[in-house]
Amino acid sequence: MVEKSSTPQVGLREQKAASTRSRIAYEGLRLFDRRGYDATTLEEIAIAAGVSPRTLYHYFRTKHDLLLFFHDEGLVAEIGPTVLSLPGHLRPLEVARDCLLTLVPKYETANMATTYRIWNSTTALKAQKLLAFKDIELTLFDALRQRWPDAENGATLKAACLVAVGCLGLAMDAGQIEGDTRSLRQRLEESFQTITELLP
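Here the sequence shown is numbered in our numbering, starting from 535 and rising by one per residue.
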């Protein structure tokens, strides 16, 4: 007698779990945007998502965990390989610039503006957002160090990372605060152009 494989059943269960997790996260994002992050409770999100509070807690312990669902760490993971793949004649700031310009289109989602608005809605969340930018900066620095391992000091490399991440922040703010509807890549290119014009 041949036993039936349980693989399809396992796959179905995983798909259902992923669908439930995603539905909870999107309902949470919608409520955070409509009612405010602090004013929204996990219980309200559970009701909106059509699940029990116990099910919600299985996927997300806190509202912060839920918001992190939209923080794609894939961009940070791709920084190192992207930096190392760029042409050898580029200077550190050009490498940092081209790295971000290459990656941001892959991670610009329909919910990015909403998520960024929520990250800016409270002092505590703003602090968390700054940590995410710091993570990008440090990862960029490590990657530049691999390209220039013999640099006597890392001041130039650090400066390049600070400028690049600052430009990313300016580009994101332009979309959120100024209502600029161009793509994040277009806004980022403009930010780098503005910085370049300031340099001697």
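By construction, the Cβ of each residue, glycine as well, lies at the ideal position given by its N, Cα and C atoms.
Computed from a predicted model, the values in this text were never measured in an experiment.
Asked	Found
Sequence-distant residues of its chain with Cβ nearer than 8 Å to residue 601 (five each side left out)	562, 563, 566, 571, 649, 652, 653 and 659
Residue 640, buried or exposed, once every other Cβ within 10 Å from all chains shown has been counted against 16	exposed
Three-way DSSP call (helix, strand, coil) for residue 682 in this model	coil
Residues near residue 692 by beta carbon distance below 7 Å, same chain, minus five either side	675
Close-in-space but distant-in-sequence residues of the same chain around residue 656 (CB under 7 Å, 5 per side omitted)	571 and 572
Among 662, 633, 620 and 686, nearest to residue 699 - alpha-carbon criterion	633
Nearest neighbour of residue 643, chosen from 609, 568 and 627 [CA to CA]	609
Burial state of residue 550 (16 or more Cβ within 10 Å)	exposed
Residue 659 beta carbon near the ligand ATP (any heavy atom closer than 7 Å)	Of ligands this structure carries none, so the ligand ATP is not represented either.
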